[in-house]
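Protein chains in written order, with the numbering used here: chain A, 31 to 678; chain B, 5 to 350; chain C, 4 to 346; chain D, 376 to 515.
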């Protein structure tokens, strides 16, 4: 029988106000195996902790229950307290009698009774706890960054500049992400390409960065400190070392397809370079649109390629790498056209999304920086900007706020006015969210200096009429109906997790939130960590965010990754699954359910890879013979806890 | 005391026994079992053998031996729970099952008497019924020193003579029952006696199954402990507990503390039937199991009944009711096993 | 029509060739209608093999004994065991393969098709014969059974005495086999869960009354578990009539044994036992009906398994024993699994 | 007047969502009836059917299993296995005639203190008219 000490915290009146802590202490002191029970006003205070330490030493306690606040708060505190008194830290358990009891009940008698049951249940559990030592694992000192947008670039550079090797994987032919498509950036209006391309070049030249464009992560196994990654390198059919960027190939290529970089506002050939500053600077043959790789099918590009850079026999390659940490920076995509038909998006050529408008504004864009309507290349004189197109609309679209749209719409309207000073910009908005350094001032500038007309309200109808796009709406501040004969409509379309992020999340075994963004481990305290240790999140993959936020999170993620890579060894929670080999029949059902591939069959019995195991216990509920249990929360312990919870 | 009771008067007699708790064979779906009789009219003595023998009434599958609890001052209180002494009658006891109780009597009697068993046993009156025709196709009482009209263990034996029961009482307990229905009982005529003799004689002839030369078996078994015979015979055994739980003579039990509350401690010490066919029956805490497989457990069942018990009590611990044969899921037939053992190696 | 001679020939052949260690089949019992398991080692003994409508047993149960024996032996005979299986039994083999309890090479499957009938229900037959004792049952010419009684032979329509599960059978011929005897006949099962209707349609309180009466009868002889080919656990979690303890088992592990239920055969404890058995057989039970047949107290335990079989089919489109390569019911899920019961 | 029946409920809460959600209810000082004793497990996927049978056997009037919303599981997919397993357990218990209200499952995220409060309130309300659960509890 164990010698358990129970410490009941008053938490001032937070607990003692509704729970009779004296009674809890008295009742627990009579519980089998409890040799010491004491209450104290603030157990987490220094004197409170000293009481625990003294009792452990004096009464020779081998296990401790602290009945106090939620274990998410002080479990570590009290485990360390126990440890400092010579106890194994896993011999300390918390009974949550504050959040789950005193704070939610008023009836003192009933709350006290409940607190007793909660505390007894913790005593029953700790009685069967075994002393555990954290599990240590060596670290592969290399990182993988998935996604070559600004966030991925920043993370990769931070890691590389600290001295760690980085593999940067990007599925498109060039890095740069969406930022490279932008014209100017708020609130400073500096040229997006001008500030991004130096970083892109740095990536391409960095000796510690292995850049893999046109590549995708195919499979991941392993665990924090020791991941094994399989990367699929898709063939570009162009040898970048030989390609001289002479551009002869595109002249003969017979195929024209919409240019992704300009969001379909221009076309490109099947062989192409995404944009002039692309990194790596090389052409890519888009096999999906190429008439065929056989010279009989077409072969024109190879015919004209003097350096013979084009190689139709290039094959997809699978490259295996080992890394210690992973940063996921898969970014965002705009809400699909098909899902936002009410604004004529995808139907009328002059209804554009934000990124298309960025291209129109860009000096390197399809109109060479002139704002012209795609339909007739005339300068639009009346432009309506509609905010929250698809955002903040839980009934029909996305419930969340896409966050960046208020600011970029102000920027769009402002830049439009700079290009077309005699034009009129209208902005329909629900409200303006301009939290951020110099952001509010920026919006004010758009209104005051550039005369952008902000209309608070929703647009009810958008339709084409005699070459104009009619926009009907209501100004909710004046209550007046508004009808605008616009030349162009720009939608601040909702941002969505980038396509394929869900599949990647499944491969990485990291969780997603209900909107499909990657889930952080804790919304406040662990915002750059994923739920899987060793994997970190950066940029808009986690939630919509603007460039400075993405960069900040990217550096944060890099710092987190560095904190792993700089270790000699890593420690892992030892509350992992344990197999009773006598009972195991090797049916493999637990192997199938394990979310972490931590279980495997060997000689007809299951083995636990303790480093991979996160201790979720799904195996134990699946096992028909109770042959597998999570240490310190075994079925036996739960059984005892149920008994205690029911007063038995 | 020997009397005759008209069948039509039988319910009236039962009515006069109201002060007793009365058990009788009752039909539950497709089978019969002894249950408390709620209505004297419905006692039907035209029944096939019950699934469980009346053993379950004097030696229930579960009984509380004592209660325990701790007080606030951590004092342990123990309270013996003896069965209530309710006078009861079991109607329709087959002679084999009655004989079986005389065997369990030996086990629970001896130097130390089991108070729980005897409280029930002494307050129970057994009213038997001659098996005019065998109640089971696997009856073999004759082969184990029994008979379909044996009075062993019975207080009263009734024999169906068509429209009346020939009623013989052998004990004071039996006489008491007859006296309660005094007016209903008549003195048997010479014809009644003659009919009785004929029916009893015929009843023996109707037993179709038998073990030949049973007496040769116990000495033979003595040398068969290490024989591979048991491996062969137990090949199809599935390790269930039917044969022993249904056996009227098996009497092994287990004791467990059933704790209903651990703080403060509260609970009961409970005795339940146990079963030598279950692997944990002989499992040592060390992990060693002297009877590790089904062969050794089948051997135990046979040796206990036909060697050890015979050596101890000069009786077979089997009364030929045939339950284990009829209900074995894989047709293991104790008659066959015994005969094979008898002829083994000769 | 199943030709028994074909079975005997095949059996003799594989024994002669030494392809199998021994053959588990059916043989006539010295007493009673039901044939009993036969373990045939010599080719000349194949004459003992029988096949008739009373071959109710699911012999795959005995693969447990074979496996246990093999694990104990130093140099076990690794040859397969020949085993005679019906359609339902063959699905048990698939589940055992799925759970890696056996390997495909461990068995040489002598599959027999039930064709248009199946096996009989002894109780139904007894009622039909009104007390006459049946000695032997044979397949008749036309979907009927020929029953030999004390008074001679009677023909009975198979449908009248077929066991309930055969009337609801989804695999009346083996789904996995090395040799198939008989034909893969076509047959329509209107409602594979018809027998459940009676209990399912009861109002909740009536249903409770029904089940309480049934489960209360249980004497915990564990015949239902013992006869089940899927209950191959060395130690059952539901209770500990068998402990898997070896001389090397540490004291700590012995102390970890959980008493989920008491040995007392009372309603509450019996329910835990039967619940655990039912839930652990969900997605694994192949409805051979043996548990119900062997119950000495006639508890309709099969219904509990059948109910979950039905739910598995209806909620998750899962059927046990058809595909050994699929993950089992509870070790898999679909994104669209129903959750209307969740708040 | 007889004292009102107070059902005893055991709630298996997953650590990351439902237990955190109940913590949030606490932090927000939401009030709900004290009939539930929470047992925090790592994941709803770790709740064995035995826990549920055992809780009823030991006298629970109601049992709740609560986990993360689909797609939201800290362990990626534990709650999907739970969903399937619990569905089967629920069907079985109802089949033998246990009142469906007695065994419930809910998805409560770490942000859903309000929902947790409501789940408990509703549960207690639904159990009160049923009275004590005697069907499966150990007879004493």
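Where a beta carbon is used, it is the ideal one built from N, C-alpha and C, also for glycine.
Just verifying my parser: in three-state terms, what is the DSSP assignment at residue i?
i: residue 259(B); result: strand
i: residue 671(A); result: helix
i: residue 54(C); result: coil
i: residue 482(D); result: strand
i: residue 71(C); result: helix
i: residue 241(A); result: strand
i: residue 30(C); result: strand
i: residue 319(A); result: coil
i: residue 444(A); result: helix
i: residue 66(B); result: strand
Identify the continuous alpha helix (DSSP H) that holds residue i and give its terminal residues.
i: residue 85(C); result: No alpha helix (DSSP H) holds residue 85(C); the beta strand (DSSP E) holding it covers 84-88.
i: residue 153(A); result: 138-157
i: residue 77(A); result: 76-88
i: residue 234(B); result: 233-237
Would you say residue i faces chain G, with C-beta separation under 7 Å as the test?
i: residue 382(D); result: Absent from the structure: chain G. Protein chains present are A, B, C and D.
Where does the unbroken beta strand (DSSP E) through residue i begin, and where does it stop?
i: residue 330(B); result: Run containing residue 330(B): none in the beta strand (DSSP E); it sits in the alpha helix (DSSP H), 327-331.
i: residue 138(C); result: 137-142
i: residue 396(D); result: Where residue 396(D) is concerned, there is no enclosing beta strand (DSSP E), although the alpha helix (DSSP H) it sits in stretches over 393-402.
i: residue 66(A); result: 64-70
i: residue 35(A); result: 34-39
Assuming residue i and residue j make a contact with CB atoms under 8 Å, what is their CB distance in whole Å?
i: residue 196(B); j: residue 158(B); result: Wrong, their Cβ atoms sit about 19 Å apart, outside the cutoff.
i: residue 670(A); j: residue 33(A); result: The pair is not a contact, with the Cβ atoms about 17 Å apart (cut-off 8 Å).
i: residue 86(C); j: residue 105(C); result: The pair is not a contact, with the Cβ atoms about 10 Å apart (cut-off 8 Å).
i: residue 66(C); j: residue 110(C); result: 7 Å
i: residue 147(A); j: residue 495(D); result: Going by Cβ atoms, the distance from residue 147(A) to residue 495(D) rounds to 15 Å, so no, they are not a contact pair.
i: residue 169(A); j: residue 354(A); result: 5 Å
i: residue 248(B); j: residue 104(B); result: So it is not a contact: roughly 13 Å between Cβ atoms.
i: residue 305(A); j: residue 210(A); result: 7 Å
i: residue 367(A); j: residue 361(A); result: Between residue 361(A) and residue 367(A) the Cβ distance is about 19 Å, and since that is not below 8 Å, they are no contact.
i: residue 4(B); j: residue 108(B); result: Past the boundaries of the shown model lies residue 4(B); chain B is included only from 5 to 350, so the question cannot be answered.
i: residue 200(B); j: residue 163(B); result: 6 Å
i: residue 250(C); j: residue 291(B); result: 5 Å
Could you tell me if the beta carbon of residue i falls within a distance shorter than 6 Å of some heavy atom in the ligand SAH?
i: residue 80(A); result: Among the components of this structure there are no ligands whatsoever, and the ligand SAH is therefore not found.
Next on the checklist: I'd like the ranges of any alpha helix (DSSP H) spanning at least 4 consecutive residues and lying wholly in the segment 95-133 of chain A.
Outcome noted: 101-114
Next on the checklist: My parser needs the beta strand (DSSP E) runs of 3 or more residues fully inside the segment 247-330 of chain B; what are they?
Outcome noted: 257-266, 269-277
Next on the checklist: Assess contact between the segment 377-391 of chain D and the segment 316-328 of chain C, defined as three or more Cβ pairs (one per stretch) separated by less than 8 Å. Is contact present?
Outcome noted: no
Checklist entry - Do three or more CB pairs link the segment 396-415 of chain D to the segment 445-456 of chain D at distances below 8 Å? => result no
Checklist entry - Of all the alpha helix (DSSP H) runs that stay within the bounds of the segment 434-476 of chain D, which reach a length of 4 or more residues? => result Counting only runs of 4 or more residues that sit fully inside the segment 434-476 of chain D, the alpha helix (DSSP H) segments are 453-470, in chain order.
Next on the checklist: Suppose only complete runs of 3+ residues qualify. What are the beta strand (DSSP E) ranges in the segment 586-631 of chain A, listed by chain order?
Outcome noted: 599-602, 607-609
Checklist entry - Which parts of the segment 293-337 of chain C are runs of the beta strand (DSSP E), unbroken and 3 residues or longer, counting only runs that do not cross its ends? => result none
Checklist entry - Which residue spans inside the segment 131-181 of chain C form an unbroken beta strand (DSSP E) run of at least 3? => result 137-142, 147-152, 155-160
Next on the checklist: Between the segment 198-208 of chain C and the segment 126-139 of chain C, can you find at least three pairs of beta-carbon atoms closer than 8 Å?
Outcome noted: no
Next on the checklist: In chain order, what are the residue ranges of uninterrupted beta strand (DSSP E) at least 3 long that sit wholly in the segment 479-513 of chain A?
Outcome noted: 483-486, 489-495, 498-505
Item to check | In chain order, each beta strand (DSSP E) run of at least 3 residues that lies wholly inside the segment 248-287 of chain A | outcome: Counting only runs that start and end inside the segment 248-287 of chain A, the beta strand (DSSP E) elements of at least 3 residues fall at 256-263.
Checklist entry - Touching or not, the segment 456-476 of chain D and the segment 416-433 of chain D, by the rule of three or more beta carbon pairs under 8 Å? => result Verdict: yes, contact present.
Checklist entry - Can you list, in chain order, the stretches of the beta strand (DSSP E) that have 3 or more residues and sit fully within the segment 546-593 of chain A? => result 550-552, 556-560, 565-567
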